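Heads up, the thing below is written out as structure tokens.
Chains as they are written, first to last, in my numbering: chain A, 128 to 383; chain B, 253 to 1030.
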């Protein structure tokens, strides 16, 4: 069998007969950050930076311009399936209509990433997130996302989710109808992603430094890939390749 | 008047209860007498008194029962002897073409035994029956004049069971079975190679309680090759290997048969698809051949296994054996290939993965050669893109291929585009879904794949000539409103309204025009194609045997995500793609024409009822639809290299009734396979559907046609009958004598009304009383 290996193609000259012409920004993956009363954007450059990394490292077409949505804006929600909710303090109590809109958004295919810039488990942000998720999905509580979940292998092979800090060695999430609809990180991913206009990283990443920052980007890319491909990487055809690479990767991972 | 029989009767009118009470009373009297005397040491006295008491009681009972001798003059009625003459198909066989058939020999035998039957008729009533697949009364004249040979099977046990039912409560003195011994009923199935019967058969035969004599008309010397059995299931799964076995039976040896290699061919609808070979070995009768093949298409097909006719063969009909095989789909195998992850990809994948009837194989391009590569490949989950395996080796294993916003150029697939075209033309389904990597933007213009698309692509050019980024609402065409693929609602008006509620699409690929013969279901509201017509957005068509869909937008996912209107929130997307998939794979449930026969298989001589149903675009019965229905025979072809040519046998032109049905009957067709094809023009489009049915020929009767006497011999042995060979006299066969008698006259001679009987009773009682007084008993 003569297989053309996608990875090998990286070194080849493109033979496409026509250049790709985007169908407009509306179909690109946009990271839409939820606005609320309070410090809704503790890492203002994070979303743009991770979108840039997604765009450059993968075939996903990502919208680089920041997108801000309010839960009361139904039209904006309908345009943006990928939502990003960040904060460094307790979230306000959203009214019931907003919660209902967000719930319907997630049930019909939306995806919500919650990123805690306040990395204290049990802190104000953490408590308010748990209260919000309990209102969104009373019967489907936040649960730890197991280490073998596809979100850890949707593009990069990851072992531990990290952000600016590595406070909690796991992600939490809500699985609805067999699909992860909410992912919650308490490790301040945005802190690791944030980069100012002069190209400087805005926050020090602890304890792993640049290697940990890279892992935080990989996690962000994996989340985007999961949002757009779901459990594609659990298809049987991928399993032998991933298993083999997991074995190869184990010693390297132990350095992080 | 003379009397020839006598027996004792009771004339007393007391009935059974009274008689029982009298006997009990008598026993009690004797018992108490013995009890009173048992301690008496004077044995002689004791026994005298007991004897007198017993004598008195006995005499009293005689007086009570009033016995008499009944003298009778009787006539014994003749019982029945059943003669069962085998009327099955095997009886028409001739072991030698110049000699009479088995049935003719049986008729001659019965004629020759006329005197024997006349002699038997003095004590028995002779009833004649023919049997094969059923028992039927007949007459000796009918049998000897034109012996029946139309039975599709020989079932002796079933015939004997029917015979037992007929003679329930009547006197059956015995049975004579005239047969070649071939049995394919329960006896034949239960009998071993040497005719040994199982316990159940033996018990049944004994329960007949009558001797069964065998009169065997068989002869050795039959030479024949038969497809004796075909071992096949009724259904198979599409694209899953099927193995069908056949047993070739070679009986006797014609000139030069030993060592000869016989081709055995498997045909589907008359077209040869596989050939196996059998080499005739001396002394060997059965040969097993196996055919393995993979059905490529769903449907019902007529398969036939045949072998050529050899010199000297007695029977030609059993050289071929047909059967129906329904090829069904286990799961719909879908290949989804996409150029990049996107919401449209994610929604379609979600739809396909959620459908338990879909077996999805997906390949998404997650990284292109232009993307930055910062890490070793080992830290990525990317896998090779097995292009050759997908687009050449395994392509035909898929029912449907989605090319979703996918450009083939960078991945070396250009060499396989011709394969994709052939895959469609041979019956595969293809859907091309829009995006900046699709249609002309994806470099598909001028490729073999473009040849099968239902739209003509525009030539490559600047972006504004290839895509339009303005949002628009899909406008359904009149054909689209009524098309099953677009049926979000059953009611046409509600369906149109529902589509109007769906969210806008955010841009479209530009195409030149809809291809002639394709059906445009949805168009752009403002943009025009190259011919000035509304720009096709959703178009379907057929290419060869396959179906193709072109959706020039990558935004149908919004019908699932952003659709909050209507009473089926968010389900419009699911319904649309579910219908699209079923339409693309030609799901029979979406057909507007349906054909049914009242049975899938018919015995020879049965009428065939055909029902053709027409459905409207709303899938309700369509009255008044004009139908053309042809029925063609798929003839058996023994020539190894020939393809059967369909022979039209019936043509019906009619209009469906108010139930949307056209029903007609075919006179009993000749054995063979038949294909019904119905054609109509519904909603302006030609529609065609077909169905097959099978008319069985000789059934199992000619599978193992050689005569055998072992079963008849075993039956005779179990029932106490005897066996006669060909031409032997039937004289001396034994039957039960008649057991039913008729009483012509009788006379009762009373034995109780005698004076001495009264004297005995009185004497015993008196003497007993006197002796008891004298000997001092109380």
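Each residue gets a CB set at the ideal place from its N, CA and C atoms; glycine is no exception. Owing to the predicted nature of the structure, the values given are computational and were not obtained by experimental measurement.
(message) Please classify residue 145 of chain A as buried or exposed, where buried requires at least 16 other C-beta atoms within 10 Å of its C-beta.
(response) Low local confidence applies: a pLDDT of 37 at residue 145 of chain A is under 50, so the model's placement there is unreliable, and no value is given.
(request) With 8 Å as the C-beta to C-beta threshold (strictly closer), list the residues of the region 545 to 578 of chain B near chain A in chain order. (result) Those residues of the region 545 to 578 of chain B placed with their C-beta closer than 8 Å to a C-beta in chain A do not exist.
(request) Report yes if the C-beta distance between residue 476 of chain B and residue 501 of chain B is below 9 Å; otherwise report no. (result) Contact: yes.
(request) Consider the Cβ of residue 819 of chain B: report whether some Cβ of chain A lies at a distance smaller than 9 Å. (result) Unreliable placement is indicated for residue 819 of chain B, whose pLDDT of 48 sits below 50; the coordinate value is still reported in the next sentence. Chain A contact via Cβ: absent.
(request) Quick one: which unbroken alpha helix (DSSP H) runs of 4-plus residues sit fully inside the region 539 to 618 of chain B? Chain order, please. (result) With a minimum length of 4 residues, the continuous alpha helix (DSSP H) runs that stay inside the region 539 to 618 of chain B are 595 to 606.
(request) Give a yes or no on contact between the region 915 to 934 of chain B and the region 947 to 958 of chain B, applying the rule of three or more CB pairs nearer than 8 Å. (result) Verdict: yes, contact present.
(message) Please tell me whether residue 503 of chain B has its Cβ less than 9 Å away from any Cβ of chain A.
(response) Judged by the 9 Å Cβ criterion, residue 503 of chain B is not in contact with chain A.
(message) Quick check on DSSP: helix, strand or coil for residue 399 of chain B?
(response) In this structure, residue 399 of chain B counts as coil in the three-state DSSP scheme.
(request) Out of B:945, B:571, B:1021, point me to the one whose CA is closest to residue 854 of chain B's CA. (result) For residue 854 of chain B, the nearest C-alpha among the options comes from B:945.
(message) Just list the residues that DSSP pairs residue 465 of chain B with in beta bridges.
(response) Per DSSP, the beta bridge partners of residue 465 of chain B are B:428.
(request) Compare the C-beta of residue 301 of chain A against all C-beta atoms of chain B and say whether one is closer than 9 Å. (result) Not one chain B Cβ lies under 9 Å of residue 301 of chain A.
(request) Helix, strand or coil for residue 166 of chain A, going by three-state DSSP, please let me know. (result) Here residue 166 of chain A sits in coil by DSSP.
(request) Under 7 Å Cβ to Cβ from residue 796 of chain B, same chain only, skipping five residues before and after it: list those, please. (result) 676, 677, 678.
(request) Consider the Cβ of residue 602 of chain B: report whether some Cβ of chain A lies at a distance smaller than 9 Å. (result) Residue 602 of chain B belongs to the set of residues whose beta carbon lies under 9 Å from a beta carbon in chain A.
(message) On the DSSP letters alone, give me the boundaries of the beta strand (DSSP E) that residue 767 of chain B sits inside.
(response) Membership of residue 767 of chain B in any beta strand (DSSP E) is not indicated, and neither H nor E is assigned to it by DSSP.
(request) Just mark residue 751 of chain B as buried or exposed, buried being the case when its beta carbon has 16 or more other beta carbons within 10 Å. (result) The residue in question, residue 751 of chain B, is buried, as its Cβ has 16 or more Cβ neighbours within 10 Å.
(message) On the CB-based measure, 16 or more other CB atoms within 10 Å of its CB, does residue 599 of chain B come out buried or exposed?
(response) Burial of residue 599 of chain B is indicated by the presence of at least 16 other C-beta atoms within 10 angstroms of its C-beta.
(request) Provide the residue(s) that pair with residue 319 of chain B in DSSP beta bridges, ordered along the chain. (result) In DSSP, residue 319 of chain B forms a bridge with B:262.
(message) Under DSSP, the alpha helix (DSSP H) around residue 382 of chain B begins and ends at which residues?
(response) No alpha helix (DSSP H) holds residue 382 of chain B; the beta strand (DSSP E) holding it covers 376 to 383.
(message) Per DSSP, what are the beta-bridge partners of residue 325 of chain B in this structure?
(response) BP columns for residue 325 of chain B point to B:997.
(request) Run down chain B in chain order and give the residues with a C-beta less than 8 Å from the C-beta of residue 352 of chain A. (result) Annotation: Cβ neighbours of residue 352 of chain A in chain B (cutoff 8 Å, chain order): 593, 618.
(request) Give the secondary structure of residue 148 of chain A by DSSP, where H, G and I count as helix, E and B as strand, and everything else as coil. (result) In this prediction, residue 148 of chain A has a pLDDT of 44, which is less than 50 and means its spatial position is unreliable; what the coordinates show is noted afterwards. Coil at residue 148 of chain A, not helix or strand.
(request) With 9 Å as the C-beta to C-beta threshold (strictly closer), list the residues of the region 630 to 653 of chain B near chain A in chain order. (result) Listed by position, the residues of the region 630 to 653 of chain B near chain A (Cβ gap below 9 Å) are 630, 631, 632, 633, 634, 635, 636, 637, 638, 639, 640, 641, 645.
(request) Output the distance between the C-alpha atoms of residue 379 of chain A and residue 551 of chain B, rounded to the nearest integer angstrom. (result) Note that residue 379 of chain A scores 35 on pLDDT, short of 50, meaning its location in the model is unreliable and no value can be drawn from it.
(message) I'd like to know if the region 323 to 340 of chain A and the region 585 to 592 of chain B are in contact, where contact means that at least 3 CB-CB pairs between them fall below 8 Å.
(response) Note that the region 323 to 340 of chain A does not touch the region 585 to 592 of chain B; fewer than 3 beta-carbon pairs, one per stretch, sit closer than 8 Å.
(message) Please report whether the beta-carbon of residue 265 of chain A lies at a distance below 9 Å from any beta-carbon of chain B.
(response) Taking Cβ atoms only, chain B never reaches closer than 9 Å to residue 265 of chain A, which makes this a no.
(message) Less than 7 Å between C-beta atoms, sequence neighbours within five positions excluded: which residues of the same chain meet that for residue 302 of chain B?
(response) These residues qualify, in order along the chain: 285, 286, 289.
(request) Determine, using beta carbons only, whether residue 813 of chain B comes closer than 9 Å to chain A. (result) Yes, its Cβ sits closer than 9 Å to a Cβ of chain A.
(request) Could you tell me which residues DSSP pairs with residue 322 of chain A in its beta bridges? (result) BP columns for residue 322 of chain A point to A:328.
(message) Along the chain, where does the beta strand (DSSP E) containing residue 303 of chain A start, and where does it finish?
(response) Element bounds for residue 303 of chain A: 299 to 303.
(message) Please report the distance separating the alpha-carbon of residue 866 of chain B from that of residue 905 of chain B.
(response) In this structure, the alpha-carbon of residue 866 of chain B lies about 14 Å from that of residue 905 of chain B.
(message) As an exercise, report each continuous beta strand (DSSP E) stretch of at least 3 residues that is fully enclosed by the region 687 to 753 of chain B, in chain order.
(response) 707 to 709, 719 to 724, all fully within the region 687 to 753 of chain B.
(request) List the residues of chain B that residue 199 of chain A touches, going by C-beta distances under 7 Å, in chain order. (result) Result: empty, since nearest Cβ-Cβ is about 15 Å, beyond 7 Å.
(request) Report the residue from B:375, B:459, B:573, B:429 whose alpha carbon sits nearest the alpha carbon of residue 384 of chain B. (result) Nearest C-alpha to residue 384 of chain B among B:375, B:459, B:573, B:429: B:429.
(request) Indicate whether residue 316 of chain A and residue 177 of chain A have their beta-carbon atoms separated by less than 9 Å. (result) Yes, they are a contact pair.
(request) Classify residue 188 of chain A as helix, strand or coil using the three-state DSSP reduction. (result) Judged by DSSP in its simplified three-state form, residue 188 of chain A adopts coil rather than helix or strand.
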